[in-house]
Every structure is written in C-alpha cells, then in structure tokens.
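A.B. asks: Chains as they are written, first to last, in my numbering: chain A, 1 to 221; chain B, 222 to 628. Glycine residues also receive a C-beta, built at the ideal position from the N, C-alpha and C atoms. None of the values given here were measured: they were computed from a predicted structure.
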Amino acid sequence: MIELSNVEKVYQTKEIETLALNQINLKIEKGEFASIMGPSGCGKSTLLNVMGLLDMPSTGSVRIQGEKVTNRKETKLAEFRNQNLGFIFQSFHLVNDLTVYDNVEMPLLYRKGISSKERKERIMSVLEKVGLSARVHHYPSQLSGGQKQRVAIARAIIGSPEIILADEPTGNLDSRMGHEIMDLLMELNKEGTTIVMVTHDEALAQKTNRIIRLFDGSLVN
Amino acid sequence: MRRKLYAFVTLFGISLTLTLLFATTVFVDHIFASKGTESKFDRAIFAHTLRMTKRKTEDQSNNPFSYRFVRDYAYKMKTPELVAAYSGANLTNDLVYAYRNGKREPLTMRFTDGNYWQLVDLEFLEGRGYTLDEIEKDDKIVILDRKSREIYFNGEPCVGKTVQLKGVPFRVMGVVENVDAIRFSAYSNIWLPFTHTKHQEWGYFGHLQIAFLAHQQSDISKIQEEFADKLAKLDFSGTHFDSAYAKPKPATMDVWEKHDIYADSLGQFMEIEDVPYLLFGTVILMYLFLPGLNLISLNSTRIMERFPEIGARKSFGATTKHLAIQFMIENIMITLLGALIAGAATFIIIYLINDSGIFFNSQIAPGSRSFIVGIGSALILAILSGVTPSLKLAKTPIVKTLKNSTK
Numbered sequence: 001m002i003e004l005s006n007v008e009k010v011y012q013t014k015e016i017e018t019l020a021l022n023q024i025n026l027k028i029e030k031g032e033f034a035s036i037m038g039p040s041g042c043g044k045s046t047l048l049n050v051m052g053l054l055d056m057p058s059t060g061s062v063r064i065q066g067e068k069v070t071n072r073k074e075t076k077l078a079e080f081r082n083q084n085l086g087f088i089f090q091s092f093h094l095v096n097d098l099t100v101y102d103n104v105e106m107p108l109l110y111r112k113g114i115s116s117k118e119r120k121e122r123i124m125s126v127l128e129k130v131g132l133s134a135r136v137h138h139y140p141s142q143l144s145g146g147q148k149q150r151v152a153i154a155r156a157i158i159g160s161p162e163i164i165l166a167d168e169p170t171g172n173l174d175s176r177m178g179h180e181i182m183d184l185l186m187e188l189n190k191e192g193t194t195i196v197m198v199t200h201d202e203a204l205a206q207k208t209n210r211i212i213r214l215f216d217g218s219l220v221n
Numbered sequence: 222m223r224r225k226l227y228a229f230v231t232l233f234g235i236s237l238t239l240t241l242l243f244a245t246t247v248f249v250d251h252i253f254a255s256k257g258t259e260s261k262f263d264r265a266i267f268a269h270t271l272r273m274t275k276r277k278t279e280d281q282s283n284n285p286f287s288y289r290f291v292r293d294y295a296y297k298m299k300t301p302e303l304v305a306a307y308s309g310a311n312l313t314n315d316l317v318y319a320y321r322n323g324k325r326e327p328l329t330m331r332f333t334d335g336n337y338w339q340l341v342d343l344e345f346l347e348g349r350g351y352t353l354d355e356i357e358k359d360d361k362i363v364i365l366d367r368k369s370r371e372i373y374f375n376g377e378p379c380v381g382k383t384v385q386l387k388g389v390p391f392r393v394m395g396v397v398e399n400v401d402a403i404r405f406s407a408y409s410n411i412w413l414p415f416t417h418t419k420h421q422e423w424g425y426f427g428h429l430q431i432a433f434l435a436h437q438q439s440d441i442s443k444i445q446e447e448f449a450d451k452l453a454k455l456d457f458s459g460t461h462f463d464s465a466y467a468k469p470k471p472a473t474m475d476v477w478e479k480h481d482i483y484a485d486s487l488g489q490f491m492e493i494e495d496v497p498y499l500l501f502g503t504v505i506l507m508y509l510f511l512p513g514l515n516l517i518s519l520n521s522t523r524i525m526e527r528f529p530e531i532g533a534r535k536s537f538g539a540t541t542k543h544l545a546i547q548f549m550i551e552n553i554m555i556t557l558l559g560a561l562i563a564g565a566a567t568f569i570i571i572y573l574i575n576d577s578g579i580f581f582n583s584q585i586a587p588g589s590r591s592f593i594v595g596i597g598s599a600l601i602l603a604i605l606s607g608v609t610p611s612l613k614l615a616k617t618p619i620v621k622t623l624k625n626s627t628k
C-alpha cells in the first residue's frame with residue numbers, strides 16, 4: 001500500500017545539515033494499523049509527512065498503491081492526496097472561521113463532480129459516525145478538544161480515502177478522550193482503512209497491528 | 222473575538238483609505254471636469270499670459286493681454302467659433318465693498334467683453350448679458366449674481382435699476398444664479414464691461430485672458446497653430462521687445478494656468494512643454510501613493526493572518542492556484558465592501574462640505590465618472606495589494622504552514 005525505498009530527508013541551513021530520515025525502507029500493507037514511535041526529534045512526523053506527500057524526500061522513492069508519487073507535479077500531488085489520503089493532526093488544524101459543516105466539507109471542495117446534495121449527505125453521514133451531528137453549525141471555538149478531533153476525523157474520512165495518516169491524534173487530549181478517539185480510529189481500521197499513526201503513547205501503540213520504531217532518523221528493529 | 226476585532230480594524234482601515242481616495246477623485250473631478258457653468262470648456266482653450274522677450278538683453282515680461290491685442294489679433298482669428306476676453310476673477314483683487322445691516326460684504330468684480338456671455342453658461346434669473354455693441358453705446362451696465370442682488374436690492378427684481386459701484390452708477394442688465402467659486406473662468410459676484418477696469422494697459426500687456434472656443438475638439442490644434450501664426454506676425458514697433466510667446470491650453474489645467482508664469486518658466490528651463498500636467502500628475506501620484514501603500518499593507522497583513530489554514534487546505538487537495546484565487550477573491554470582496562462604506566462616507570463628507578459653504582458657492586456633486594474612477598481605483602488597488610501576499614502564502618510549503626500554525 002505504502003512503500004518507501006532508501007528514503008532520506010536532509011534539512012539544510014547555512015550552518016548545519018540535519019539528516020532527519022536515514023535510509024528508510026518500509027512497507028505498510030493494505031488494511032494495516034501501524035504506529036510510529038520514538039523519542040522527540042527522531043523523525044516520526046517527518047516520516048509521516050513523507051508518506052502523506054506533504055513533504056518530499058531528499059533521496060529515495062515513495063510508492064503508494066503501486067504508483068511512484070515522488071516525481072509528480074504539485075497539482076498532481078494535490079489531486080492524489082485529495083483522492084487517496086486523509087490527515088489527522090495533533091492540533092486539529094480546523095479553520096476557526098468555518099463551521100463544523102464547512103470544515104468537514106473542505107476536501108470535497110477540491111474534488112470535481114460531487115453535487116452539493118451529495119456533499120451534504122456525505123457530511124451528515126460522517127458527522128453522524130463521529131457523533132457530532134448535533135454540532136453541525138458550531139464553530140471550532142465552541143467545541144471541546146475531543147470534539148475538535150472528531151471533526152478532524154470526519155474531515156479526514158469524508159473523501160473515503162484508503163489511507164489515514166494521523167500525527168499524534170491524541171496528543172492534545174486527556175486520557176479518556178484519547179481513548180475515545182483511538183476507538184474511533186480502530187473502528188475505521190476494521191472497516192478497511194489503512195492507518196499510520198505517530199504516537200508517544202505506548203499503550204495506544206500496543207493496540208495497533210504493528211509498531212515502527214525510529215531513532216535518530218533510522219528504523220530500529 | 223480577536224479575529225472579529227481584526228476584521229473590523231482591517232475593514233475600517235480599508236474604508237478610511239478608500240474614503241480618502243474617493244473624496245480626492247470627487248474633488249479632482251469637480252475641479253477639472255467641464256460641467257455646469259463651464260460645459261463648453263472641453264472644446265475651449267485659454268491663453269492667460271503673454272511672454273515678451275528682448276532677445277539681445279534677455280529682458281522678459283509676462284502679463285495678461287491688453288484689449289488692443291484681443292481686438293487686433295485674437296478677434297481676427299478665423300478658426301475659433303468664438304473668442305472671448307475677460308479678467309481673472311481673483312478673490313482678493315478687483316473687489317467692491319457693499320454694506321448690509323452695518324456689515325461690510327466684499328464682492329468680486331470681473332471685467333469681460335460681450336462674447337464672454339456665450340462662453341459661459343450662467344443661469345440668468347432675470348435680464349441677459351451684454352454685447353460688444355452695447356458696451357460701445359453705453360458701457361455703464363452691469364450683471365449681478367443672486368448674492369449681490371440680495372445685498373443691493375433685498376433680493377427684489379432689479380433689471381433696469383441703478384446700482385452704485387465705487388461711486389459710479391451702473392444700470393443692471395441681468396441677474397445670474399450664484400456661481401461656484403471653483404469655476405475660475407465663470408466665478409464672480411459682479412460682471413462689468415472690460416472698459417471699466419482700473420488696470421493700466423501697456424502695449425500688448427493688459428488685464429485680460431483670452432478663451433478660444435472651437436467648433437469641435439479636433440479643431441483645437443488648428444486654433445493653436447493660427448494663434449502661433451498671429452504671434453509670429455506681431456508688430457513690435459513701439460514696444461521694448463522683439464519676440465512673443467503664449468500658448469492657449471485646455472481648461473482642464475485651469476488651476477495650473479493661474480500659475481502660468483512659473484509653469485512656463487519651468488517648462489522653458491526643463492524643456493518640457495506640459496509642465497503643469499507633469500507637476501499635477503506627480504502630486505496626484507504621490508498623494509495616492511500613501512493610501513495605496515496603506516491598503517497594500519492592510520491586505521498583506523490580513524492575508525498573512527490566514528497562514529494557519531493553508532496547511533489544512535493543501536493537505537486535503539488545494540493547489541497553489543486554488544488558494545491564490547481564493548485569497549484574491551476575498552481581497553476583492555473585502556475591498557469592495559470597504560468601497561461601499563467609503564462611498565457612503567464620501568457622500569456624507571461632501572454633503573457636510575456643501576452644507577457648510579466653506580468653498581463659497583461650490584456644490585460638489587459626485588458624478589458617475591467619480592464613481593467609476595473610484596471603484597476602478599479600489600479594484601486595481603485590491604488586485605495589486607492581493608497578488609503578492611496571496612501568491613507568497615499559497616506557495617508556502619505545506620509542512621512549514623502546518624508547523625507555524627501550531628505555535
């Protein structure tokens with residue numbers, strides 16, 4: 001499903017060169033729920049960003065669903081992300097000026113051929129799924145942390161992507177809410193969605209099918 | 222709350238900037254457009270001063286024209302539809318003082334020939350203007366404006382009655398509506414035949430400016446050529462000089478023509494003929510530069526405030542083009558909203574100015590041209606102020622926006 005071959009990521013400034021990812025060779029299979037763990041600054045988020053085509057590797061290649069995607073143009077990458085990937089961020093990244101409905105609708109706005117009627121049906125359906133159908137017209141500032149992350153999950157799944165990439169989705173939540181979000185992700189995984197999640201929480205990682213450990217930008221067996 | 226306050230401050234700033242722009246447009250249009258009493262001025266040109274030079278010694282003198290010049294040269298021109306001569310209405314010179322209820326009222330006098338009344342479109346409340354023949358028969362005739370009639374005749378009809386001006390009796394031939402003070406060729410309170418001026422005439426120098434009315438705008442250059450030809454054939458006998466220069470120019474630069482001497486001298490120095498246009502254009506550009514810069518700054522800051530949502534939108538499929546278009550449309554919409562508020566504010570400001578009477582009889586009326594120029598300028602500024610920040614922001618790498626927006 002996701003295949004990284006000899007991936008390296010180098011951040012270069014005038015003074016120093018930092019190797020964030022070092023010779024990563026990794027395969028995530030379809031339907032897998034994998035978690036990425038490691039100490040702060042080891043390259044977990046960078047790895048997730050490279051998998052999600054939010055950032056390009058300095059060397060190496062990324063294949064998703066058998067397609068090499070690292071040499072594509074910006075518009076093609078945007079289209080690919082829109083069709084195949086969903087993202088969940090630690091700090092939610094909801095647009096504060098938009099309602100829950102409008103935030104969830106965002107990925108569909110960049111997809112052609114979906115009528116407003118269909119959009120509405122899909123939005124109501126995913127909000128039902130994440131338990132927020134009563135909050136359609138609320139703004140993010142009117143929601144709790146857990147509710148915001150549910151909106152973010154609804155936004156991630158509205159386009160029915162096969163892969164969800166979650167960067168510390170429970171990092172800003174208390175334990176109870178964290179477990180609620182984790183249950184939601186596991187349910188999505190049971191329905192067939194491949195999920196890769198960055199986490200610091202060993203207990204949550206243990207609930208996933210596979211733990212990928214990183215240290216100083218390299219995979220640890 | 223912060224965003225609402227920010228949006229309010231931005232909209233307020235944009236509205237204030239555009240109000241300044243709109244008010245300027247309306248004032249400039251009011252000053253330079255041919256309208257009201259000067260409706261024919263778009264096909265008229267004006268010569269205000271004659272420059273005479275003695276080449277050998279470089280002695281030079283700049284003055285308005287004498288009646289002798291008007292009679293012997295200007296009236297004899299064939300290309301203009303009409304040649305009119307009149308003194309400049311100056312708010313401090315050529316005044317006569319009238320007394321009403323113990324209060325001294327200064328009234329401006331303008332000295333004209335008979336053709337002047339066909340050049341300007343003054344609204345006669347009673348009577349009519351005088352002709353050159355009437356001046357030659359009996360020059361103790363006068364035209365008053367409504368204000369003068371109120372002072373001298375308590376507002377009662379007065380054609381045929383006599384009014385004393387500086388101790389001399391004049392017969393009233395007509396009364397016109399008060400004239401906007403900004404109409405430099407039409408404004409006055411009292412109009413008299415040019416024969417009554419106390420100014421001395423000296424050869425071709427006197428106190429008159431000359432207006433040439435063309436049959437159509439395209440004839441203007443022909444009039445200028447004929448006038449230059451007349452000057453070239455000027456008889457210098459009995460004068461101190463041996464060359465003369467004057468060029469009739471359009472009324473749009475009438476304000477600058479008031480300073481013709483300086484402008485012409487500078488033009489000679491810089492070898493640029495249209496110095497008034499150049500100077501005026503530069504002043505306007507500089508004046509608009511500041512509000513323009515302010516608008517660009519406000520819009521840039523407003524767009525940069527949207528930084529946090531860039532990462533989210535791009536993650537879910539937005540391209541640089543999508544975002545740049547979105548920000549540009551928002552920029553145009555908010556600027557147009559600001560333009561609506563500014564339009565209303567401009568109307569209120571103009572109403573207050575008109576009501577206060579601080580510009581004498583000026584009744585400034587925003588016309589469709591001001592509206593089109595105002596909205597056009599707002600749109601251009603909206604686009605200019607939006608392009609750079611929109612593109613810059615939209616092109617920012619996703620990871621960078623995601624990292625920054627979590628701070």
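Against chain A, which members of the stretch 533 to 554 of chain B pass a CB distance test of less than 9 Å?
C.D. replies: The stretch 533 to 554 of chain B vs chain A, Cβ under 9 Å: A533, R534, K535, S536, F537, G538, A539, T540, T541, K542, H543.
A.B. asks: Distance, Cα to Cα, A:L108 vs A:P161?
C.D. replies: Position 108 of the first sequence, counting from 1, holds the residue named residue 108 of chain A. Position 161 of the first sequence, counting from 1, holds the residue named residue 161 of chain A. Distance between the alpha carbons of A:L108 and A:P161: 12 Å.
A.B. asks: Assuming A:V130 and A:A154 make a contact with CB atoms under 8 Å, what is their CB distance in whole Å?
C.D. replies: As a working note, residue 130 of chain A is residue 130 in the first sequence. As a working note, residue 154 of chain A is residue 154 in the first sequence. So it is a contact: roughly 5 Å between Cβ atoms.
A.B. asks: Looking at the structure shown, is A:T46 part of a helix, part of a strand, or coil, going by DSSP?
C.D. replies: The sequence position of residue 46 of chain A within the first sequence is 46, counting from 1. A:T46: helix per DSSP, three-state reduction.
A.B. asks: Rounded to the nearest angstrom, what separates A:S141 and A:L173 at their Cα positions?
C.D. replies: Residue numbering aside, residue 141 of chain A sits at position 141 when the first sequence is read from its first letter. Residue numbering aside, residue 173 of chain A sits at position 173 when the first sequence is read from its first letter. Approximately 15 Å between the Cα atoms of the pair.
A.B. asks: Just the C-alpha distance for A:L223 and A:S133, rounded to the nearest angstrom, thanks.
C.D. replies: Since the first and last residues shown for chain A are 1 and 221, residue 223 of chain A lies out of range.
A.B. asks: Examine chain A for any beta-carbon lying closer than 8 Å to the beta-carbon of B:L623, and answer yes or no.
C.D. replies: Position 402 of the second sequence, counting from 1, holds the residue named residue 623 of chain B. With 8 Å as the cut-off, B:L623 counts as an interface residue toward chain A.
A.B. asks: Let me know the secondary structure DSSP gives B:Q489 once reduced to three states.
C.D. replies: Counting from one through the second sequence, the residue named residue 489 of chain B turns up at place 268. With a pLDDT of 46 at B:Q489, under the threshold of 50, the predicted position of this residue should be treated as unreliable, though the coordinate-derived value follows. Of the three classes helix, strand and coil, the one that applies to B:Q489 here is helix, per DSSP.
A.B. asks: Name, please, each residue of chain A whose Cβ falls closer than 9 Å to the Cβ of B:V230.
C.D. replies: Counting from 1 along the second sequence, the entry for residue 230 of chain B is found at position 9. Chain A residues near B:V230: none, gap ~16 Å exceeds 9 Å.
A.B. asks: Distance check for B:V393 and B:F345, CA to CA, integer angstroms please.
C.D. replies: Taking the second sequence and counting its residues from 1, the one referred to as residue 345 of chain B is at position 124. Taking the second sequence and counting its residues from 1, the one referred to as residue 393 of chain B is at position 172. Each residue's alpha carbon lies about 12 Å from the other.
A.B. asks: Would B:Y320 be called buried (16 or more neighbouring beta carbons within 10 Å of its own) or exposed?
C.D. replies: In the second sequence, residue 320 of chain B corresponds to position 99, counting from 1. Under this definition B:Y320 is an exposed residue.
A.B. asks: Please tell me whether A:P169 and A:I88 are closer than 8 Å, where the distance is taken between their beta carbons.
C.D. replies: Position 169 of the first sequence holds residue 169 of chain A. Position 88 of the first sequence holds residue 88 of chain A. Yes, the Cβ-Cβ distance between A:P169 and A:I88 is below 8 Å.
A.B. asks: Taking Cβ to Cβ, would you say B:L612 is nearer than 8 Å to B:A545?
C.D. replies: Translated into positions along the second sequence, residue 612 of chain B becomes position 391. Translated into positions along the second sequence, residue 545 of chain B becomes position 324. Yes.
A.B. asks: Which residues in chain A sit within 8 Å of B:V594, going by Cβ to Cβ distance?
C.D. replies: To locate residue 594 of chain B, count along the second sequence from 1; it is residue 373. Those within 8 Å of B:V594 in chain A number zero; the least Cβ separation is about 33 Å.
A.B. asks: Give a yes or no on whether the minimum CB-CB distance between A:L54 and chain B is below 8 Å.
C.D. replies: Here the question's residue 54 of chain A lines up with position 54 in the first sequence. Taking Cβ atoms only, chain B reaches closer than 8 Å to A:L54, which makes this a yes.
A.B. asks: Could you tell me which residues DSSP puts in a beta bridge with B:T258?
C.D. replies: By 1-based counting over the second sequence, the position of residue 258 of chain B is 37. B:T258 is not bridged to any residue.
A.B. asks: Could you tell me the distance, in whole angstroms, from the CA atom of A:I123 to the CA atom of A:V100?
C.D. replies: The residue you call residue 123 of chain A lines up with position 123 of the first sequence. The residue you call residue 100 of chain A lines up with position 100 of the first sequence. C-alpha separation (whole angstroms): 10 Å.
A.B. asks: Among the residues of its own chain, which have a CB less than 6 Å from the CB of B:I372, if the five just before and after it don't count?
C.D. replies: Residue mapping note: residue 372 of chain B aligns to position 151 of the second sequence, counting from 1. Cβ neighbours of B:I372 beyond the five flanking positions: A319, R321, E326.
A.B. asks: Give, in chain order, every unbroken run of the alpha helix (DSSP H) that is at least 4 residues long and sits entirely within the stretch 423 to 465 of chain B.
C.D. replies: 441 to 453, all fully within the stretch 423 to 465 of chain B.
A.B. asks: Please state whether DSSP places B:N284 in a helix, a strand or coil.
C.D. replies: Position 63 of the second sequence, counted from the first residue, corresponds to residue 284 of chain B. The answer is strand: DSSP assigns B:N284 an E or B state.
A.B. asks: Identify, in the order they occur along the chain, each residue of the same chain with its Cβ nearer than 8 Å to the Cβ of B:C379, setting aside the five sequence neighbours on each side.
C.D. replies: Within the second sequence, the letter at position 158 stands for residue 379 of chain B. E347, L365, R370, Y373, V393, V396.
A.B. asks: Cβ of B:F243 within 8 Å of Cβ of B:T567?
C.D. replies: Residue 243 of chain B sits at position 22 when you count from the first residue of the second sequence. Residue 567 of chain B sits at position 346 when you count from the first residue of the second sequence. Their beta carbons are under 8 Å apart, which means B:F243 touches B:T567 by this criterion.
A.B. asks: So A:V196 and A:M56 are in contact, right, with Cβ under 8 Å, and what is the actual spacing, rounded?
C.D. replies: Counting from 1 along the first sequence, the entry for residue 196 of chain A is found at position 196. Counting from 1 along the first sequence, the entry for residue 56 of chain A is found at position 56. At roughly 18 Å, the Cβ-Cβ gap does not stay under 8 Å, so A:V196 and A:M56 are not in contact.
A.B. asks: Taking buried to mean at least 16 other C-beta atoms within 10 Å of its own C-beta, is B:G350 buried or exposed?
C.D. replies: Here residue 350 of chain B refers to the residue found at position 129 when the second sequence is read from its first residue. Classification of B:G350: buried, given that the 10 Å Cβ count is 16 or more.
A.B. asks: Please state the DSSP three-state secondary structure of A:T208.
C.D. replies: Locating residue 208 of chain A in the first sequence gives position 208, counting from the first residue. Looking at A:T208 - three-state DSSP - the assignment turns out to be coil, as it is neither helix nor strand.
A.B. asks: Assuming A:G86 contacts A:A156 (C-beta within less than 8 Å), just tell me the rounded distance between them.
C.D. replies: For the purposes of this step, residue 86 of chain A is taken as the residue at position 86 of the first sequence. For the purposes of this step, residue 156 of chain A is taken as the residue at position 156 of the first sequence. Their Cβ separation, rounded to whole angstroms, is 3 Å, which keeps A:G86 and A:A156 in contact under 8 Å.
A.B. asks: Quick one: list the residues of chain B neighbouring A:P107, beta-carbon separation under 7 Å, in chain order.
C.D. replies: Counting from one through the first sequence, the residue named residue 107 of chain A turns up at place 107. Those are F537, G538, listed as they occur along chain B.
A.B. asks: Alpha carbon to alpha carbon, what distance is there between A:V198 and A:Q90?
C.D. replies: If you number the first sequence from 1, residue 90 of chain A lands on position 90. If you number the first sequence from 1, residue 198 of chain A lands on position 198. Those two C-alpha atoms are separated by around 10 Å.
A.B. asks: Are the C-beta atoms of A:Y110 and some chain B residue less than 8 Å apart?
C.D. replies: For the purposes of this step, residue 110 of chain A is taken as the residue at position 110 of the first sequence. Taking Cβ atoms only, chain B reaches closer than 8 Å to A:Y110, which makes this a yes.
A.B. asks: With a threshold of 8 Å between beta carbons, is B:E530 in contact with chain A?
C.D. replies: Locating residue 530 of chain B in the second sequence gives position 309, counting from the first residue. Yes, contact with chain A.
A.B. asks: Taking just the CA atoms, how far does A:R81 sit from B:F537?
C.D. replies: To locate residue 537 of chain B, count along the second sequence from 1; it is residue 316. To locate residue 81 of chain A, count along the first sequence from 1; it is residue 81. Each residue's alpha carbon lies about 6 Å from the other.
A.B. asks: Measuring only the C-alpha atoms, how far is A:V62 from A:R119?
C.D. replies: Within the first sequence, the letter at position 62 stands for residue 62 of chain A. Within the first sequence, the letter at position 119 stands for residue 119 of chain A. Using only the alpha carbons, I get a separation of about 31 Å.
A.B. asks: Once DSSP output is grouped into helix, strand and coil, what is the label at B:A539?
C.D. replies: By one-based count along the second sequence, residue 539 of chain B stands at place 318. Three-state result, B:A539: coil.
A.B. asks: Between which two residues does the beta strand (DSSP E) harbouring A:F80 extend?
C.D. replies: Counting from 1 along the first sequence, the entry for residue 80 of chain A is found at position 80. Unbroken run through A:F80 is the alpha helix (DSSP H), 74 to 84; no beta strand (DSSP E).
A.B. asks: Taking 8 Å as the CB-CB cut-off, is B:I619 touching chain C?
C.D. replies: Going by chain labels, chain C is absent from the structure shown, which instead holds the protein chains A and B.
A.B. asks: How about A:K14: is its C-beta nearer than 8 Å to some C-beta of chain B?
C.D. replies: Residue 14 of chain A sits at position 14 when you count from the first residue of the first sequence. So no, A:K14 is outside the interface.
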